[in-house]
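Okay, structure first, notes after.
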Amino acid sequence: MKATIYSSVLAIALLGCGRATEELAPDLKANVLDRPAIDAHIWQTVKQQNAVFDWNAAPVEVVWNALRTSDGVMSIGYKPGQLSDNAVEDRLGEIAPRQGDWAAARQAVLDLVWEEERRTNPDLRREELVVFDETALPVLNLKVTSLRTIELLRASSLVRYAEPMGYEPTIELRAGQGFSNGRTESSSGCGSNNEEFNLRSGTHFSVISPNAKTSWNHPYHQIAGAWSSSTGAGIKVMIIDTGIGANQPAFGSGFNQGASAGRTIEKLVTLPRPTFLGIPTGPVETPNDGCGHGTAMAGAMAAPRGTVGNAVGIAYNANLVTVRASEDVFIDASREVRGVADAFVLAANRADIRIVSMSLGRITSSSQITDAIRLANSRGKLMFCAGGTSFGWSSGWVGVIFPANLNEVQAVTGVKENLQRCTDCHDGSQIDFIAVMERNVDGVKPITTANQGNWPSSVGGSSVATAQTAGMAALVWSKFPTLTRQQILDKLILSSSNYPNRSNQFGWGVIDASQATDDQSL
Numbered sequence: 062m063k064a065t066i067y068s069s070v071l072a073i074a075l076l077g078c079g080r081a082t083e084e085l086a087p088d089l090k091a092n093v094l095d096r097p098a099i100d101a102h103i104w105q106t107v108k109q110q111n112a113v114f115d116w117n118a119a120p121v122e123v124v125w126n127a128l129r130t131s132d133g134v135m136s137i138g139y140k141p142g143q144l145s146d147n148a149v150e151d152r153l154g155e156i157a158p159r160q161g162d163w164a165a166a167r168q169a170v171l172d173l174v175w176e177e178e179r180r181t182n183p184d185l186r187r188e189e190l191v192v193f194d195e196t197a198l199p200v201l202n203l204k205v206t207s208l209r210t211i212e213l214l215r216a217s218s219l220v221r222y223a224e225p226m227g228y229e230p231t232i233e234l235r236a237g238q239g240f241s242n243g244r245t246e247s248s249s250g251c252g253s254n255n256e257e258f259n260l261r262s263g264t265h266f267s268v269i270s271p272n273a274k275t276s277w278n279h280p281y282h283q284i285a286g287a288w289s290s291s292t293g294a295g296i297k298v299m300i301i302d303t304g305i306g307a308n309q310p311a312f313g314s315g316f317n318q319g320a321s322a323g324r325t326i327e328k329l330v331t332l333p334r335p336t337f338l339g340i341p342t343g344p345v346e347t348p349n350d351g352c353g354h355g356t357a358m359a360g361a362m363a364a365p366r367g368t369v370g371n372a373v374g375i376a377y378n379a380n381l382v383t384v385r386a387s388e389d390v391f392i393d394a395s396r397e398v399r400g401v402a403d404a405f406v407l408a409a410n411r412a413d414i415r416i417v418s419m420s421l422g423r424i425t426s427s428s429q430i431t432d433a434i435r436l437a438n439s440r441g442k443l444m445f446c447a448g449g450t451s452f453g454w455s456s457g458w459v460g461v462i463f464p465a466n467l468n469e470v471q472a473v474t475g476v477k478e479n480l481q482r483c484t485d486c487h488d489g490s491q492i493d494f495i496a497v498m499e500r501n502v503d504g505v506k507p508i509t510t511a512n513q514g515n516w517p518s519s520v521g522g523s524s525v526a527t528a529q530t531a532g533m534a535a536l537v538w539s540k541f542p543t544l545t546r547q548q549i550l551d552k553l554i555l556s557s558s559n560y561p562n563r564s565n566q567f568g569w570g571v572i573d574a575s576q577a578t579d580d581q582s583l
């Protein structure tokens, strides 16, 4: 699909920054845009449409320039020519990408790219095109340099989408978030999950047996009442994030302590190693959380109700699978896209995982991640995604980010005690649930497990709202293990503050977990 109208920003950029470059081969002659011009086009489109930027509706020159100024990796969804895109989306769970018509379509697309790319690089070897080898989804991740290649891909009946895999607008991190002014990199949400010794008993937490701290915001969701009938036992939840703290005993030897017993934790990694010409470089990635965000999410959802005085998670007896799929909360690199997509595929392929929580996102679409989410959805997973938290990269836009904007997931955001949007949270018509996670008086966020130590940290934004909401879903499914995904979702909706009148800003509202786990609630 080609956009027929250029935005004014793009038009200005083409006139002011563009030039027909003599050093490029004839098929590559195009207006060259720098990152500020591409970013300006993306932001103007996002704000005008109040929606995530769709690469497949972008002008071909924007796509080419995005590839040229990033790592050059293109995500290409393929299909047999006789199938419509909608038919593929409906059949993702049945597709064998390396067999029959699918294998033939894959080979034809690979041949198309190789033949066109060789026009400007005659020595190019076919194997150098493939950056990440994909076997679960009908997707190719190829290195693309030619504008003409993109045009041919968009025109092919074998191609569902062809989009830059690792381009996101440059972000400016605000002061006060642990970073100096002017830093432009995607370390959003990292580096602050340390013990906070200013947290006060009776104000920011309450001490409960055997010796655990329950967050100040739990009463807004009637968590204590829900615990009288469910603690999450028997339910396995996957957290897709930045990994898990290697030095935090609560997710190691202390995962089963106190009132938490008989449960399991798995620490996985899907974030691939960096590659050069399709060859992995650097050390093998581990599940260890170098950011701190994943540890905070795991703590808010499922930290043990223990004996050492640390924070307790909402589903403190749930089984946990943590997946390191990204370096930080901003999915802006090709390998992070691949890591997140592979994490959803992993969840799809495991019958024991019922709930998935992800507090990561981006401003632009990723059809490869969308494919993976649709695959997981087709296999009955209940998925929660963060509606968006501004770490300086929203540039004044607070709409629902990707992939929370997808119909297949439940979008969650955070609110203050007065039920107004939290300071850095996003909202909008695509939000399904909200969680109270910011105190009116001092702005303190819910307590959680720090990277290390037995004293809590705190964490905010739509991230913690999502993790805690997924924890509430685990309580409900644990209480009613024979119910379907839709029935569990119905119980959450029926117990929410806005039911039956869904809000255009905050969806169904605040979940009452005690009501949702009550035998009479459905």
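Take the sequence shown: its position 59, counted from the start at 1, is 120 in the working numbering, and no numbers get skipped. Glycine included, every Cβ here is placed at the ideal spot set by N, Cα and C.
Given a cut-off of 8 angstroms, decide if residue j and residue i are closer than it, judged by their beta-carbon atoms.
| i | j | result |
| --- | --- | --- |
| residue 361 | residue 351 | no |
| residue 227 | residue 398 | yes |
| residue 347 | residue 309 | no |
| residue 128 | residue 225 | yes |
| residue 508 | residue 266 | yes |
| residue 537 | residue 558 | no |
| residue 577 | residue 556 | yes |
| residue 252 | residue 353 | yes |
| residue 574 | residue 269 | no |
| residue 406 | residue 164 | no |
| residue 154 | residue 205 | no |
| residue 185 | residue 171 | no |
| residue 136 | residue 426 | no |
| residue 146 | residue 221 | yes |
| residue 410 | residue 325 | no |
| residue 528 | residue 358 | yes |
Between the C-alpha atoms of residue i and residue j, what's the straight-line distance to the nearest angstrom?
| i | j | result |
| --- | --- | --- |
| residue 139 | residue 125 | 19 angstroms |
| residue 416 | residue 494 | 16 angstroms |
| residue 223 | residue 148 | 18 angstroms |
| residue 264 | residue 276 | 9 angstroms |
| residue 304 | residue 349 | 5 angstroms |
| residue 447 | residue 523 | 5 angstroms |
| residue 169 | residue 483 | 49 angstroms |
| residue 131 | residue 103 | 15 angstroms |
| residue 258 | residue 395 | 38 angstroms |
| residue 460 | residue 498 | 19 angstroms |
| residue 255 | residue 370 | 15 angstroms |
| residue 272 | residue 477 | 28 angstroms |
| residue 210 | residue 505 | 51 angstroms |
| residue 279 | residue 443 | 22 angstroms |
| residue 212 | residue 174 | 11 angstroms |
| residue 530 | residue 319 | 23 angstroms |
| residue 542 | residue 389 | 33 angstroms |
| residue 440 | residue 261 | 44 angstroms |
| residue 286 | residue 292 | 11 angstroms |
| residue 116 | residue 288 | 45 angstroms |
Can you pull the DSSP bridge partners for residue i?
| i | result |
| --- | --- |
| residue 139 | 220 |
| residue 471 | 445 |
| residue 462 | According to DSSP, which records beta bridges pairwise, residue 462 is partnered with nothing at all. |
| residue 570 | DSSP output for residue 570 lists no bridge partner at all. |
| residue 299 | 382 and 417 |
| residue 204 | 134 |
| residue 258 | DSSP, once it has assigned bridges, lists no residue as partnering residue 258. |
| residue 486 | 450 |
Within the same chain, show all residues whose beta-carbon is closer than 6 angstroms to that of residue i, passing over the 5 residues directly before and after it, in chain order.
| i | result |
| --- | --- |
| residue 321 | 365, 366, 377 and 378 |
| residue 294 | 378 and 539 |
| residue 193 | 202 and 399 |
| residue 488 | 474, 482 and 566 |
| residue 83 | In this predicted model, residue 83 has a pLDDT of only 33, less than 50, meaning its place in the structure is not dependable enough to derive any value. |
| residue 581 | none |
| residue 162 | 141 |
Enumerate in chain order the residues of its own chain whose CB-to-CB distance from residue i is below 7 angstroms, with the five nearest sequence positions on each side excluded.
| i | result |
| --- | --- |
| residue 401 | 301, 386, 387, 392, 421 and 430 |
| residue 467 | 431 and 434 |
| residue 408 | 299, 414, 417, 437 and 442 |
| residue 281 | 497 and 571 |
| residue 569 | 493, 494, 554, 557, 559, 560 and 563 |
Whole-angstrom Cβ separation of residue i and residue j, contact assumed at under 8 angstroms?
| i | j | result |
| --- | --- | --- |
| residue 297 | residue 413 | 5 angstroms |
| residue 517 | residue 526 | The pair is not a contact, with the Cβ atoms about 17 angstroms apart (cut-off 8 angstroms). |
| residue 451 | residue 485 | 5 angstroms |
| residue 217 | residue 181 | Not a contact, Cβ separation roughly 19 angstroms. |
Can you give me the Cβ contacts of residue i inside the same chain, cut-off strictly under 8 angstroms, excluding the 5 residues immediately before and after it?
| i | result |
| --- | --- |
| residue 166 | 139, 140, 141, 142, 199 and 219 |
| residue 100 | 230 and 231 |
| residue 334 | 341, 342, 343, 344, 345, 346 and 396 |
| residue 549 | 443, 534, 537, 538 and 541 |
Closer than 7 angstroms: is that where the CB of residue i sits relative to any heavy atom of the ligand MG?
| i | result |
| --- | --- |
| residue 373 | You won't find the ligand MG in this model; it holds no ligand whatsoever. |
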